[in-house]
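Have a look at the structure below, then the notes.
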């Protein structure tokens, strides 16, 4: 995907701030008040020197500027501000003046810190809400992505993006949101004060700032690049972890503990390496800013101090005040550099997140009964050709056949011949490239996707059950009563084992139904399909992995499920499909034979070959 510019990512990331704009405006007001109190504190502290050591100048300022007004402020802002502070702090004796200055300092510090606390809570609330909204939006979008997206991306990587990458954005916003408001305001106010005190010196200093800005931007780009690599590495860590936990039985069975540990360690080492590079780049920001600031301050100290000592330029108190405030300006500059590093880290995560959000989703709308296509005649494949996205090999070549309503059509063929692909195309898990699939003459691509899928019930070999109760697994996607659920379970031959569970139908069956056998899981899946009561049933090798007794019970449940339905079925065991209305034999994506069981045996070709292989073991030796 094309790389997005920083500006676009900024706007997209902070678009999630829109619902909280009133709080954001309130935070700006609080930040302004914080900076005003802080600036007032700085000015009063520098005034304290004059109050203690040159009280006669303080008194002179008060008496000379008794009639200063707005015009005076425009003409000499520095003198106007000193006069205002002098009026506020001046008392009859130096000791009383000092007491008044101390009281004002305590008040300003107290007010500043109250606003800092309130503003921190406000920004934390906004940040957490924004991140919640972003994670919800990402998860909702991921659920709407087509099956092809999940086939191309590892599940661990998807989980990492929802959890870790959004966490990266969260961390970036936590570290920057408050500073992004406060620090620029602080910088503007401080520089305004510096210009008021001496605009010539301030102009010289500000002309040097672009050099520092270029350094900060260069460091930020390096941080973002390395942050993106670190997020990609942690996705690999998540993927290895998820695969290992899911396949722990295989790991233990094949004694692959050391191999899996080595794989995890390699991914973890790469993540650590790139994370350190990211920290190394970001750590340059603070010392560079501080050294740069020290050089500028030292130069100004020499130049300004020389002017004061020779009796030219600023007064001593103005020079002290100027240096004091100038040193403080490098705190927000350092903070802004840190903001850039944190933001670049967040932008690296945001880039990966928005790449997912920009992936084209399926068009899914709220289910409406009227959107379910009518099915009264047949399902028809006409010259269907299909290749999986990102692959070159054609999986299906010019496939054409029809399934009349109420018929059972079976697919037979070697692994990789295209049987499961045909199943995936009917409910539009994938979109076809050439040809058409129609129901009652209407192309499925023109049907509402949610309504179309309502026609189908699917029972496959790899049935998925949730870490939930038996009841909720059977009733998944339905608001069903317990009576309806138990009726479906009875038709699926599942009641006999459900009644033996500790809490019967309300027993939690564990992750992927780990508390149940394979046959029991299959019967719950059949009960789920029975409860849905679909007119079209897709069976994908539903009994191939079961023992003889489980297969018998599941096959009986499938027979109940198939009654009065149109069925498309794949089965390696030909005995289960011999009564199908039509059998299609697939060979490398092409229908090589079709007919009934007896007709295909009479041809003596590929179907006969499959049949002879499966039933050779049952022939008695001569």
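In the working numbering, the protein residues as written are 586 to 1207.
Built from N, CA and C at the ideal position, the CB exists for glycine as well.
What you are looking at is a predicted structure, and each value in this text was computed from that prediction instead of being measured.
In this structure residue 1156 is not in contact with residue 1112, their Cβ atoms being roughly 20 Å apart against a cut-off of 8 Å. The three-state secondary structure of residue 1167, taken from DSSP, is strand. Within the same chain, 1042, 1150 and 1152 come within 6 Å of residue 1122 by CB-CB distance, once the 5 residues on both sides are set aside. Membership of residue 1009 in the alpha helix (DSSP H) is indicated by the continuous run 1004 to 1010. With 16 or more other CB atoms across the displayed protein chains lying within 10 angstroms of its CB, residue 919 is buried.
The region 961 to 976 makes contact with the region 1014 to 1027, as at least three CB pairs between them are under 8 Å. Listed in chain order, the non-local C-beta contacts of residue 880 below 6 Å within the same chain number zero, local neighbours out to five positions each way being set aside.
No Cβ-Cβ contact shorter than 7 Å links residue 958 with residue 1007. The C-beta separation of residue 1109 from residue 1164 comes to about 26 Å, leaving the pair out of contact by the 8 Å criterion. When DSSP reads this structure, residue 987 sits in a beta bridge with 965. For residue 1041, the enclosing beta strand (DSSP E) begins and ends at 1041 to 1045. A distance of 7 Å or more separates the beta carbons of residue 1010 and residue 947. Relative to the Cα of residue 1180, the nearest Cα in the group 1172, 1173, 1192 and 1174 belongs to 1192. Residue environment: residue 1183 is assigned as exposed (fewer than 16 neighbouring CB atoms within 10 Å of its CB, all protein chains considered). Here the C-alpha atom of residue 1120 lies approximately 16 Å from the C-alpha atom of residue 1029. By the CB criterion at 7 Å, residue 613 and residue 747 fall outside the cutoff. With the rule of 3 Cβ pairs closer than 8 Å, the region 815 to 830 counts as touching the region 735 to 742.
Here residue 682 is buried, its C-beta having at least 16 other C-beta atoms within 10 Å. Under a 10 Å Cβ-count criterion, residue 941 is classified as buried, with 16 or more other Cβ atoms of the shown protein chains found around its own Cβ. In this structure, residue 938 places its C-beta atom within 7 Å of the C-beta atom of residue 750. Here residue 818 really is in contact with residue 859; their C-beta atoms are around 5 Å apart, less than 8 Å.
A Cβ-Cβ separation of about 10 Å leaves residue 813 out of contact with residue 935 under the 8 Å criterion. When the alpha-carbon of residue 1061 is set against those of 1115, 1100 and 1084, the nearest one is in 1115.
The closest CA to that of residue 987, considering only 963, 781, 778 and 1004, is found on 963.
With a contact defined as Cβ atoms closer than 8 Å, residue 1195 and residue 997 qualify at about 6 Å. Taking all protein chains in view, the Cβ of residue 1162 is crowded by 16 or more other Cβ atoms within 10 Å, so the residue is classified as buried.
Ranking 1077, 1021 and 1012 by CA distance to the CA of residue 1143 puts 1077 first.
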